[in-house]
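See structure below.
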Amino acid sequence: MRLVVDLNRCQSYGQCVYAAPAVFRFHGEEALEYDYAPDPGRRREVERAAAACPVQAIGLGRATEPAPSAGEGAR
């Protein structure tokens with residue numbers, strides 16, 4: 001599973017952090033960090049986090065897709 005967050009769209013509501021704290025976290029007050037390739041066992045949590053995002057900034061893909069570059073928000 002490959003996780004991509006559109007950090008230009010993200011408004012730091014934090015719903016993803018509450019839904020999947022092992023995958024999403026805040027660095028400081030508003031900078032979102034996330035695991036771009038979370039363990040497949042966390043898929044259900046990640047899907048809930050994506051559904052909970054008020055601005056739909058979270059996308060899921062296949063693990064075979066290339067990892068996002070540093071400019072795309074993976075930290």
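Numbering (our numbering), first residue to last: 1 to 75.
C-beta atoms are modelled at their ideal positions from N, C-alpha and C, and glycine is treated no differently.
Asked	Found
Three-state secondary structure (DSSP) of residue 36	coil
Classification of residue 38 by the beta-carbon crowding that lies within 10 angstroms, buried from 16 upward	buried
For residue 41, the three-state DSSP class (helix, strand or coil)	helix
Buried versus exposed, by CB contacts within 10 Å (16 or more), residue 24	buried
Euclidean distance between Cα positions of residue 12 and residue 31	7 Å
Given residue 20 as reference, the closest of 6, 62, 60 and 43 once Cα atoms are compared	43
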